[in-house]
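2 protein chains.
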Amino acid sequence: MWLFNNPPRKQLKDKYGFEVTDAWLDHVQKSSVRFNSGGSGEFVSEDGLVMSNHHVGADALQKFGDKDHNYIRDGFRAKTRGEEKRCLDLELNVLMSIEDVTARVNAAVKPEMTPAGAFAARRSVMAAIEKESTDKTGLRSDVVTLYQGGQYHLYCFKKYTDVRLVFAPEQQAAFYGGDPDNFEYPRFDLDICFFRAYENGQPAKIQHHLNWSKAGAAENELVFVSGHPGRTSREFTAAELDYMRDNQLPYTLARLNRLEVLLLSYSGRSDENARKSREDLFGIQNSRKAYDGRIAGLLDPELTSDRAAAARKLGDMMPPEMRPAAQKAERTIAAAQAVMAEHALRYRLLETSHGFMSTSFGIARTLLRAGDERAKPNGERLREFRDSARESMELQLFSEEPLYADYEILKLADSLAFLEIKLGAEDALVKSVLAGKSPRERAAELINGAKVRDVAFRKKMYGGGSVAVTAAHDPLIELARLIDGPSREVRKIIEEQDEVKQQAHAQLSKAKFAALGTSVYPDATFTLRLAYGAVKGYETGGQKIPFETTFAGLYERAGEHHNKPPFDLPPRWVERKSRLNLATPFNFVCTADIIGGNSGSPVVNKDAELVGIIFDGNLESLVFDFVYTEKVARAVSVHSSAIVEALRKVYDANELADELTRRKK
Amino acid sequence: MWLFNNPPRKQLKDKYGFEVTDAWLDHVQKSSVRFNSGGSGEFVSEDGLVMSNHHVGADALQKFGDKDHNYIRDGFRAKTRGEEKRCLDLELNVLMSIEDVTARVNAAVKPEMTPAGAFAARRSVMAAIEKESTDKTGLRSDVVTLYQGGQYHLYCFKKYTDVRLVFAPEQQAAFYGGDPDNFEYPRFDLDICFFRAYENGQPAKIQHHLNWSKAGAAENELVFVSGHPGRTSREFTAAELDYMRDNQLPYTLARLNRLEVLLLSYSGRSDENARKSREDLFGIQNSRKAYDGRIAGLLDPELTSDRAAAARKLGDMMPPEMRPAAQKAERTIAAAQAVMAEHALRYRLLETSHGFMSTSFGIARTLLRAGDERAKPNGERLREFRDSARESMELQLFSEEPLYADYEILKLADSLAFLEIKLGAEDALVKSVLAGKSPRERAAELINGAKVRDVAFRKKMYGGGSVAVTAAHDPLIELARLIDGPSREVRKIIEEQDEVKQQAHAQLSKAKFAALGTSVYPDATFTLRLAYGAVKGYETGGQKIPFETTFAGLYERAGEHHNKPPFDLPPRWVERKSRLNLATPFNFVCTADIIGGNSGSPVVNKDAELVGIIFDGNLESLVFDFVYTEKVARAVSVHSSAIVEALRKVYDANELADELTRRKK
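Keeping their order, the protein sequence lines are chains A and B. Start counting the first sequence at 8; every next residue gets the next number (my numbering). Start counting the second sequence at 8; every next residue gets the next number (my numbering).
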């Protein structure tokens with residue numbers, strides 16, 4: 008998960024004899040696309056065509072749907088550009104430049120400051136740097152915290168907000184094998200989706216886009232993955248990992264299990280319920296498997312002792328004079344983590360809204376806080392209200408995403424009950440929140456009485472500021488107000504302790520750089536990273552798992568399962584079987600280092616040609632959260648050949664296949 | 008939920024003008040059957056034919072299955088008596104007599120005894136009473152604790168252990184609508200199953216069995232339900248209910264959610280996995296809905312204030328001189344409950360085996376403890392090893408139920424991870440249990456290395472006692488030994504506090520009897536109870552719900568859902584539609600007071616004729632755990648007419664329909 012401004016030149020040369028050039032890096036970087044909704048993608052034509060995964064595009068597909076259209080389930084194809092469907096709130100980012108601003112950020116934070124003061128100063132300088140950059144370049148500008156606080160880089164992104172849907176297969180082709188096969192291998196999934204970026208109502212003209220490889224990925228080939236891994240915990244100290252193992256992950260898993268059961272149960276009652284909850288349910292099931300894998304990693308004594316050995320080795324390599332400071336930093340982190348642990352539950356329930364889960368509540372809170380925050384100077388606002396983030400925030404806030412009262416009530420009622428159980432029925436705040444009603448009754452009253460589902464109302468509130476918001480007496484906004492004090496309070500505690508941790512981590516990073524040089528990459532932060540590896544099968548439980556699968560394998564698997572869900576083939580795939588070259592490679596694995604957020608990342612060869620697209624990792628790769636290993640952990644991709652073959656033979660989408668394979672530059 | 012030896016004569020006479028006779032009670036009591044696996048049933052022919060629910064019989068159906076037979080899913084029909092299939096470990100009980108032994112039990116417990124001493128004395132006298140009774144009558148004899156310790160009754164049961172499966176429909180007919188429709192109404196379920204009790208290799212000759220009503224249940228008719236409600240909490244004090252709300256139910260629900268997700272995920276991977284886990288999964292989903300309803304009841308402020316008002320009223324009616332003792336008893340219960348809360352987690356993980364969930368571990372522990380306990384005098388043993396329970400325990404222990412290594416590993420691995428998360432990875436006992444391995448690795452090693460799946464091995468261990476058990480070095484038995492000390496220790500704490508609570512509840516009961524007379528029934532205890540009510544629809548959300556559904560409604564519902572799971576019709580029901588009288592009543596509701604355990608209970612009219620069979624309650628009935636209400640809470644039954652019509656027209660089971668409807672006596 009290397010930074011594009013600090014690539015693994017030496018490792019690539021030593022291990023693979025490949026010399027990566029600046030031009031190669033620049034081209035791959037600017038061909039890579041970040042989906043602001045969570046995920047990765049890439050430009051694949053000069054006309055702004057973007058490829059990603061079906062499951063990354065699913066958020067946009069979900070929001071198009073209504074009771075007569077289920078695009079996630081049934082797929083979509085625009086036969087002409089005129090039919091391309093504009094997404095409601097999708098934003099794509101392309102990284103244009105990186106600048107190290109560590110010195111400026113740290114200069115603003117004085118040693119004598121309290122944690123609260125230091126946090127405020129840091130927030131303020133970051134907002135200032137971002138605003139200056141946005142004003143100067145017109146680009147989305149984010150100061151990114153790297154090495155857990157060891158460095159700060161300014162990332163500037165070109166932003167596309169007119170993004171249109173071009174093509175998506177049926178979910179049953181994209182997510183063949185469903186939850187049971189998710190994070191498994193061998194796989195047979197056409198997990199792709201195409202969008203087109205527009206500018207000024209026309210397809211965007213794109214300078215950097217990836218050429219399509221004729222042959223696609225071959226065994227043992229060196230490949231690169233350029234994408235946006237969401238988060239990893241490899242730099243965490245023992246105290247932080249213990250907290251994850253004992254507190255954060257168990258809480259998260261239990262909550263995911265609760266939500267999965269809730270949504271499965273709702274979903275099972277009708278097709279329409281299933282449609283409304285489809286994307287949420289997928290997300291929850293996907294996270295649940297990922298978290299299961301993570302916690303399994305933390306409960307694995309082998310990984311624990313590996314990590315301990317690595318820490319000892321690092322300690323040995325550290326210049327002796329730095330050791331006391333490093334040890335002190337570790338203790339500081341442990342102490343801060345202990346404070347955070349004490350407040351974590353309240354923070355999650357109130358500030359992360361686990362006690363108020365519903366899109367409507369999120370909108371209500373944003374309206375309430377926008378009224379208060381936008382009146383403050385840029386540097387003093389809650390970070391999500393800083394000037395440089397305004398446009399992206401407004402895109403979300405004014406999204407025409409349909410919100411269904413019954414579904415909103417379901418989620419809010421369940422989370423109010425969760426709140427009551429977690430904080431206790433006798434808790435004063437819980438009592439005010441419920442106002443003498445049962446969670447179900449209260450949720451129904453709140454959602455049915457709220458006006459926030461109406462976008463015009465939101466615009467009026469946002470435009471009118473806190474005066475309008477107060478005058479509206481909207482029950483959900485008033486609920487947000489009721490908890491705003493306690494919620495900000497606990498957020499402040501967490502942010503202060505986070506500041507303490509960041510300063511300590513900066514110390515540790517310094518010691519680490521001294522020991523290992525800067526040939527280390529930081530933990531993932533949902534910013535662009537470069538990974539590399541070989542296309543390679545593996546062995547597990549005495550069984551050899553070949554590096555690739557074929558279309559023939561898909562039909563065999565469906566046969567073994569008597570074509571029963573989730574192993575049934577979409578009708579189109581049954582009808583078109585005889586047209587397909589069944590020997591076409593379908594999915595393949597490689598040893599590249601990926602994690603959630605990398606979904607949709609291009610897999611490219613030495614010539615920067617696209618040979619595949621990442622869509623999953625195997626179960627064994629889930630420990631990547633804590634450590635990279637190439638023994639059995641693998642990233643899973645759709646093979647480039649499968650994409651073209653399926654587009655032409657199954658979907659009659661020759662125009663799309665032509666656009667992909669047209670030779671560029 | 009009235010006792011058969013204290014029936015609601017006055018209420019029946021006042022409200023319905025019905026005078027219940029001793030003969031009527033005796034007949035209905037002895038026609039009622041308890042399924043020891045959990046559930047109710049009834050004799051419906053003089054040849055030992057027993058009817059219950061499909062979901063009560065599912066445990067037996069599951070145990071018959073193998074990879075070529077899925078009886079739960081596909082159903083079963085014995086065309087001749089020779090084809091009736093003997094169940095592996097099913098025991099049926101018929102209540103023959105009740106005797107009040109309160110005085111003798113309480114006489115054994117001296118006021119000056121410590122809780123530990125009192126508990127031991129009570130356990131000892133109960134075991135002695137049971138043994139004397141078994142020796143004298145040859146009947147299964149259980150001392151049942153009623154009114155939370157206010158009374159002790161000796162129940163003597165005739166026992167049938169040669170029970171054979173006669174008929175079961177496909178689960179899709181029995182459980183039409185699946186989890187989404189469970190606990191809902193209107194319903195369309197043929198949730199029935201037939202067994203036959205045998206004695207000496209011949210169908211048992213049964214004196215008391217229910218006649219089949221020609222007309223079946225009619226609107227507004229007075230009906231009775233005679234069955235075995237499992238447990239209720241209506242006599243719980245406020246402290247006990249708070250504990251349920253804040254501790255027990257949240258824990259249970261979170262655990263059920265975890266297991267449901269685990270089994271759904273396993274089940275989805277193959278048909279064979281789905282078959283192996285089918286009955287467990289049904290049980291978990293069913294419990295989850297029931298617990299959801301219970302916790303909703305405790306979080307409902309209206310129910311809370313109703314309960315408070317009832318408690319105040321009871322206090323007012325109490326003779327003033329009893330009030331201080333009653334108040335003291337409440338405080339004693341609260342204090343005991345607080346101690347129990349402290350130890351509850353360890354108790355559940357160790358003694359209830361939530362940290363070791365697998366049938367194999369249960370067997371291993373039984374073998375270990377049988378070795379130790381059987382060497383002790385009857386009165387000093389853990390209660391499950393008392394002489395009078397020996398035969399029933401052995402029936403379970405030596406069951407030929409198939410145990411699948413992969414499924415056992417799945418469950419044990421998950422529960423070891425659960426144990427580690429709950430007690431912490433640094434807990435000394437957890438460390439010994441895991442022996443330096445990950446939960447998954449350790450579970451595989453334990454299950455693969457254990458011999459307890461072999462029934463011959465179990466018999467050898469059981470016969471050889473603790474010497475044989477120690478010599479065997481079976482890894483699972485050794486694991487059971489490792490935790491046996493701590494597990495017994497925490498059990499002792501819980502049992503002592505339970506004794507304290509029982510004594511205090513006895514005080515409260517005395518005060519209650521003084522206030523209300525003995526016209527009160529005790530909380531459910533999975534012993535025979537009589538409930539009554541009217542066949543009656545209800546109104547919810549402004550909608551009138553009619554008291555009955557018809558076959559026609561089933562076909563309509565399938566049509567609305569495009570015949571998609573779980574609303575698909577079994578093929579046989581599609582083919583036979585034209586033969587059926589579609590106007591036949593299918594399911595109906597009544598206001599009788601039921602709860603889990605009542606499944607399979609006969610619904611009888613004033614003439615003690617069977618008019619239906621209980622199989623569910625609506626969502627609104629789930630508060631029956633805490634309070635009975637007849638406004639919208641309803642018990643749901645299969646109508647007697649539907650059973651005969653379906654047997655004849657859908658299943659060609661005329662011989663069975665004839666046996667049911669033949670006029671007896």
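Here a beta-carbon is modelled for each residue, glycine too, at the ideal position from N, C-alpha and C.
- For a Cβ distance threshold of 7 Å, residue set Asp186, Pro187 of chain B lies close to Ser272 (chain A), ordered along the chain.
- Looking at the DSSP output, Tyr545 (chain A) shares a beta bridge with A:Ile552.
- Using a CB distance cut-off of 8 Å, Asn264 (chain A) counts as an interface residue toward chain B.
- Against chain A, the CB of Ser284 (chain B) has no partner CB under 8 Å away; the residue lies outside that interface.
- Annotated as distal: Val507 (chain A) and Leu217 (chain A), with beta-carbon spacing of 8 Å or more.
- Pairwise C-beta distances place the segment 13-20 of chain B out of contact with the segment 624-633 of chain B, as fewer than three of them are shorter than 8 Å.
- Under the three-state reduction of DSSP output, Ile501 (chain B) falls in the helix class.
- Under the three-state reduction of DSSP, Ser104 (chain B) is assigned to strand.
- Here Asn12 (chain A) is exposed: its Cβ has fewer than 16 other Cβ atoms, across all protein chains shown, within 10 Å.
- Inclusion of His235 (chain B) and Gly604 (chain B) in the CB contact set at 8 Å is warranted, their separation being smaller than that value.
- Shown here for Ala521 (chain A): same chain residues with a beta carbon closer than 8 Å to its own, the five before and five after excluded, namely Met325, Pro326, Met329 in chain order.
- Distances from the alpha-carbon of Tyr562 (chain B) to those of B:Arg381, B:Gln69, B:Asp29, B:Phe574 put B:Phe574 closest.
- Around the beta-carbon of Leu305 (chain A), 16 or more other beta-carbon atoms lie within 10 Å, marking it buried.
- Taking 8 Å as the cut-off, the beta carbon of Leu402 (chain B) is found no closer than this to the beta carbon of Leu453 (chain B).
- Annotation for Tyr167 (chain A): Leu99, Ala204 place their beta carbon closer than 6 Å to its own, counting only its chain and skipping 5 residues before and after.
- Rounded to the nearest whole angstrom, the CA to CA distance from Leu102 (chain A) to Leu146 (chain A) is 10 Å.
- Assignment of Met58 (chain B) by DSSP, reduced to helix, strand and coil, places it in the strand class.
- When Cβ-Cβ separations below 8 Å define contact, Ala345 (chain B) makes no contact with chain A.
- Cβ-Cβ separation between Ser140 (chain B) and Ser148 (chain B): approximately 4 Å, consistent with a contact (criterion under 8 Å).
- With a threshold of 8 Å between beta carbons, Ile428 (chain A) makes contact with chain B.
- By the rule that beta-carbons nearer than 8 Å mark a contact, Ala432 (chain A) touches chain B.
- By the criterion of a C-beta distance shorter than 8 Å, Glu26 (chain B) is surrounded in its chain by Arg16, Leu19, Lys20, once the five residues flanking it on both sides are discounted.
- By DSSP's assignment, Asn218 (chain B) forms a beta bridge with B:Glu616.
- Using a Cβ-Cβ cut-off of 8 Å, Ala424 (chain A) counts as an interface residue toward chain B, since at least one Cβ of chain B sits closer than that to its own.
- Taking the CA atoms as reference points, Phe368 (chain B) sits about 8 Å from Ile484 (chain B).
- With contacts defined as CB atoms closer than 8 Å, Gly619 (chain B) and Ser647 (chain B) qualify as a contacting pair.
- Counting along the chain, the unbroken alpha helix (DSSP H) around Thr668 (chain B) starts and ends at 661-668.
- Under the three-state reduction of DSSP, Phe464 (chain B) is assigned to helix.
- Assigned with DSSP and collapsed to three states, Lys166 (chain B) falls in strand.
- Rounded to whole angstroms, the gap between the alpha carbons of Lys656 (chain A) and Ala649 (chain A) is 10 Å.
- Taking 9 Å as the upper bound on Cβ-Cβ separation, chain B lies near residues Leu441, Gly443, Lys444, Ser445, Pro446, Arg447, Glu448 of the segment 440-463 of chain A.
- Check the Cα spacing between Thr534 (chain B) and each of B:Thr239, B:Ser395, B:Gly208: the tightest is with B:Thr239.
- CA-CA distance, Gly492 (chain A) to Arg465 (chain A), rounds to 22 Å.
- Residue environment for Arg355 (chain A): buried (at least 16 other C-beta atoms within 10 angstroms of its C-beta).
- Apart from the 5 residues on each side of it in sequence, Phe558 (chain B) sits with its Cβ closer than 6 Å to the Cβ of Leu587, Leu589, Thr591, Phe593 in its chain, given in chain order.
- Among the residues of chain B, those whose CB is under 8 Å from the CB of Ala261 (chain A) are Ala261, Asn264, Arg265, following chain order.
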